[in-house]
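Numbering (the numbering used here), first residue to last: 6 to 92. Worksheet: one structure, shown below.
Here it is as C-alpha cells:
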C-alpha cells in the first residue's frame, strides 16, 4: 500500500504498523507530538496521474486505492534488477 509521498524520486519501504523505538529516553516526549498532513482525497483521474510504472490503482464501489504491483519489497528489488538487466 502507498502510505505517503516522498520529496525525492526514490521510494521508501516502511511498515505502518511497526512502532518507532525510542533510543534516547530524554527526548522521548518529542516523538509524541508528530503532526501528520491530512489525507489527499483523489479522484480516479488524479490517482491514475499520480502513480508510477510499478504501482496500480484498485477501484471498488466505495474506494480508490493506490498500491504497488509487487507487494514484497525484496521481490520488487529483484524485479527491478531483472528489468535493468534486460535493458
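We put the CB at the ideal spot given by N, CA and C, even for glycine.
If you look at residue 71, you'll find it in the beta strand (DSSP E) that goes 69-73. With 16 or more other Cβ atoms inside 10 Å of its own Cβ, residue 52 counts as buried. In the structure shown, the three-state DSSP call for residue 50 is helix. Looking at the backbone, the Cα of residue 18 and that of residue 8 are separated by about 10 Å. Ranked by how close their Cα comes to the Cα of residue 47, the residues 55, 41 and 40 have 55 in first place.
Across the structure, residue 11 and residue 59 are spaced so that their CA atoms are roughly 16 Å apart. In the three-state scheme derived from DSSP, where H, G and I count as helix and E and B as strand, residue 83 is classed as helix. In this model, residue 76 and residue 21 are separated by some 14 Å (Cα to Cα). Residue 64 is bridged by DSSP to 69.
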